[in-house]
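So the structure is just underneath, and the comments pick up after that.
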Amino acid sequence: MKAPRSRTSVIAKDSDDDEEVVQVDRDHFMDEFFEQVEEIRVCIDKLSEDVEQVKKQHSAILAAPNPDEKTKQELEDLTADIKKTANKVRSKLKAIEQSIEQEEGLNRSSADLRIRKTQVSHSLVSSAHPLRRCQVPKRC
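Quick note on numbering: the sequence shown equals residues 36 to 175 in the numbering used here.
Below, the structure written as C-alpha cells:
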C-alpha cells in the first residue's frame, strides 16, 4: 500500500502568457526521508569540524615539549564527541536501511526506493570518510 499523497498546485506560464495549473504529486514519506538525510548531513558536517579540531589538538600536543593537561582533556572530549556523533549517524542510517529493506520485502521497485538506497549509501560513505581521516594519523 502506498503512502498518502498530497497534491500541490503549480502555476506555469506558456508562451501566450496564459496561466496553467499543473498538479504535482509529492510523497510525504519522501519529504520525511530527505529530512532524515539532511539531519545526517548536519551530523557529518559536525564530524568534519570535530576532526579538524582533533588535527589542531594533535599538532599542538606534538609541537609542545610538555603538553598541558587541558589540551589533552580537550582532545579526549573531542574524540568522545566524534564517537557519539558517529554512533548517532550509524543508528540513523541503520534505521533508514531497515525501512528500505521492509519496502523491498513488499516488492516495491519504485524510483523513490532507488533514490533512498542511493542517498543512504552516499551518506554512509560520507560519514565514514571524516572518521578515517582522523584515525589514520593515530596509526602512524
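For each residue, glycine too, the CB sits at the ideal point set by N, CA and C. Note that the structure is a prediction, hence the values are computed from the model and not measured.
Would you say Q133 lies against chain D (beta-carbon separation less than 8 angstroms)? Note that chain D does not occur in the displayed structure, where there is just one protein chain.
Taking the C-alpha atoms as reference points, what is the distance between A95 and E87? Roughly 12 angstroms between the two C-alpha positions.
For F69, count the other beta carbons within 10 Å of its own beta carbon; 16 or more makes it buried, fewer makes it exposed. Which is it? Its Cβ having fewer than 16 others within 10 Å, F69 is exposed.
Between I131 and Q71, which are expected to be in contact by the criterion C-beta below 8 angstroms, what is the C-beta distance as a whole number of angstroms? Yes, I131 and Q71 are in contact; Cβ-Cβ is about 6 angstroms, under 8 angstroms.
When the Cα of L110 is compared with those of K90, R125, E74, which residue comes out closest? Nearest option by C-alpha distance: K90.
Between the Cα of T153 and those of S126, I135, Q108, spot the shortest distance and give me the residue it belongs to. With distances taken between Cα atoms, T153 lies closest to I135.
Tell me, to the nearest whole angstrom, how far the beta carbon of K81 is from that of T120; I am working on the premise that it is less than 8 angstroms. Cβ-Cβ separation between K81 and T120: approximately 6 angstroms, consistent with a contact (criterion under 8 angstroms).
Using CA coordinates, which residue listed in V124, G140, L141 is at the minimum distance from V155? By alpha-carbon distance to V155, the top candidate from V124, G140, L141 is V124.
Rounded to the nearest angstrom, what separates D116 and L148 at their Cα positions? For the pair D116 and L148, the Cα-to-Cα distance works out to about 32 angstroms.
Enclosing alpha helix (DSSP H) for D112 [first to last residue]: Counted as a single uninterrupted DSSP element, the alpha helix (DSSP H) harbouring D112 occupies residues 104-140.
Quick check: the Cα distance between E67 and E73, rounded to an integer number of angstroms? One C-alpha to the other measures close to 10 angstroms.
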